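Residue numbers (the UniProt record's numbering): 1 to 338.
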Amino acid sequence: MEQTVRLSIVVPCYNEESSIGPLHAAVTAAAAALPDDEVEILFVDDGSTDGTLAALRGLAARDAAVRYVSFSRNFGKEAAMLAGLQRTNGDAVVLLDADLQHPPHLLPQMVALHKQGYDQVVACRDRQGEPALRRIPARLFYRTVNRWVDVQLHDGAGDFRLLSRAVVDALLSLPEYHRFSKGLFSWVGFSTVTLTFRHEARQAGTSTWSFGKLVNYALDGMLSFNNKPLRLAVYAGLLQTLLATGYAAWVIVNALVEGVDMPGYATLISAVIGMAGIQLMVLGVIGEYIGRIYYESKHRPHFLVRETDSRPTGRDQLTRPRARSDGDSPTAEVGTVA
Numbered sequence: 001m002e003q004t005v006r007l008s009i010v011v012p013c014y015n016e017e018s019s020i021g022p023l024h025a026a027v028t029a030a031a032a033a034l035p036d037d038e039v040e041i042l043f044v045d046d047g048s049t050d051g052t053l054a055a056l057r058g059l060a061a062r063d064a065a066v067r068y069v070s071f072s073r074n075f076g077k078e079a080a081m082l083a084g085l086q087r088t089n090g091d092a093v094v095l096l097d098a099d100l101q102h103p104p105h106l107l108p109q110m111v112a113l114h115k116q117g118y119d120q121v122v123a124c125r126d127r128q129g130e131p132a133l134r135r136i137p138a139r140l141f142y143r144t145v146n147r148w149v150d151v152q153l154h155d156g157a158g159d160f161r162l163l164s165r166a167v168v169d170a171l172l173s174l175p176e177y178h179r180f181s182k183g184l185f186s187w188v189g190f191s192t193v194t195l196t197f198r199h200e201a202r203q204a205g206t207s208t209w210s211f212g213k214l215v216n217y218a219l220d221g222m223l224s225f226n227n228k229p230l231r232l233a234v235y236a237g238l239l240q241t242l243l244a245t246g247y248a249a250w251v252i253v254n255a256l257v258e259g260v261d262m263p264g265y266a267t268l269i270s271a272v273i274g275m276a277g278i279q280l281m282v283l284g285v286i287g288e289y290i291g292r293i294y295y296e297s298k299h300r301p302h303f304l305v306r307e308t309d310s311r312p313t314g315r316d317q318l319t320r321p322r323a324r325s326d327g328d329s330p331t332a333e334v335g336t337v338a
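Printed below as a string of structure tokens:
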């Protein structure tokens, strides 16, 4: 008899009012290909300022398989994913973007691989045919992060993946405030398999990831898993010391042997400016680490919740998503698995 999987699908949302309905329909269609499994969809509203929350309320009232949690403000996608993982009921959890760029039709294939014994099923983006302006920076990001951090990230691997309950529990045991989930997924380990998918175009709205946010995200990754930037500062200081010593020896030899009087003002100013630049860089790196220690010491929560669907969260509460019909009642239906 085939193993029955309790599947939880976590969907972080930020101003995705127009995407909620199409996403629910796509997930419902994919769930129809999993007749032996039980599915729930957990939407995490990351402080949206449009009608996302209202759309989630209506969806949860029509479909007992839909749950939601809404933040008091925008705390970021990392916090939204963490909230979803904390509130899931399934034996396996899939992280899925709300903009339909992660195709829900891959869900049956991911579940099938999980049933074969894999704890992580990672969907890697196929970059073939992507514009160079998108493909080159993305590959540069992965190569840079992989060179700096102590874990390896798959090129094209994002948050779209299936996680077993063992992986979810391992992730929830990590208490750090600054979370870089791409790195944490690799750090916890467990048996992993990848599959390739073609990234779909957004169905509605615009991306909230600006270039500055992507740069900050890359820096978070490089600072979250090692102290190599601090070591780089040490190496830079040693190199500067060697250069200064060599230059000083060269000046002394020229003055004693050749009788060359080296003009000092330009050299001195250049040396001072160069040293000041290195010192500021080192102080900036140290400040980043101290800032992280400061935030960790505060023990503030990753997010604050203002509203949930108020349904029970026990492991026996999973049901199946269903398509909307004209006769749906506006009241919530709570399905319980016998």
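Don't be surprised by glycine CBs; every beta carbon is placed ideally from N, CA and C.
Computed from a predicted structure; not experimentally measured.
Of all the options the options, which has the alpha carbon lying nearest to the alpha carbon of residue i?
i, options, result
"PHE160", "LEU140, LEU195 and LEU172", "LEU195"
"SER8", "GLY189, LEU140, VAL168 and HIS102", "VAL168"
"LEU34", "VAL251, LEU107 and ALA79", "LEU107"
"ALA83", "THR241, MET275 and CYS13", "CYS13"
"SER18", "ALA64, VAL251 and ASP99", "ASP99"
"GLN109", "ILE286, ARG57 and ALA32", "ALA32"
"GLN101", "LEU113, HIS114, GLN116 and VAL27", "VAL27"
"LEU113", "VAL5, TYR294 and ARG306", "VAL5"
So residue i and residue j are supposed to be a Cβ contact under 8 Å. How far apart are they, rounded?
i, j, result
"residue 341", "ARG73", "In the structure as shown, the chain starts at 1 and stops at 338, and residue 341 therefore has no counterpart that could be examined."
"THR49", "GLN120", "That pair is no contact at about 34 Å."
"ASP126", "ARG179", "Rounded, the Cβ-Cβ distance is 27 Å, inconsistent with contact."
"LEU11", "LEU42", "In the sequence under discussion, the amino acid at residue 11 is Val, which differs from the Leu named in the question. Correct: roughly 7 Å between the Cβ atoms."
"ALA157", "CYS124", "5 Å"
"GLU38", "SER181", "With 8 Å as the limit, GLU38 and SER181 do not qualify as a contact, their Cβ atoms being about 25 Å apart."
Can you give the Cα-Cα distance for residue i and residue j, rounded to whole angstroms?
i, j, result
"LEU23", "VAL122", "20 Å"
"LEU53", "THR88", "19 Å"
"HIS299", "PHE75", "15 Å"
"SER310", "ARG292", "34 Å"
"GLY21", "ASP36", "25 Å"
"LEU140", "GLN3", "41 Å"
"ALA29", "SER297", "45 Å"
"ASP316", "HIS105", "Below a pLDDT of 50, predicted positions are generally treated as unreliable, and ASP316, at 43, falls in that range; no measurement from the model is reported."
"GLU40", "TYR142", "32 Å"
"THR308", "THR241", "59 Å"
"GLU16", "HIS154", "28 Å"
"GLY314", "TYR289", "Any reading at GLY314 needs caution, since the residue's pLDDT is 48, under 50, leaving its predicted position unreliable; the model's value is listed next. So the two alpha carbons sit approximately 39 Å from each other."
Tell me, please, which residues DSSP counts as bridged to residue i.
i, result
"ARG161", "LEU95 and VAL122"
"VAL69", "VAL44 and THR308"
"SER186", "In DSSP, SER186 forms no bridge with anything."
"ILE9", "ILE41 and VAL94"
"PHE197", "ARG125"
Validate contact between the region 92-103 and the region 160-169 using beta carbons, cut 8 Å, 3 pairs: yes
Would the region 168-183 count as touching the region 54-68 if we require 3 or more Cβ pairs under 8 Å? Contact between the region 168-183 and the region 54-68 is not established, with fewer than three Cβ pairs separated by less than 8 Å.
Would you be able to state if there are at least three C-beta pairs under 8 Å between the region 232-247 and the region 278-294? Judged by pairs of C-beta atoms under 8 Å, the region 278-294 touches the region 232-247, as three or more such pairs exist.
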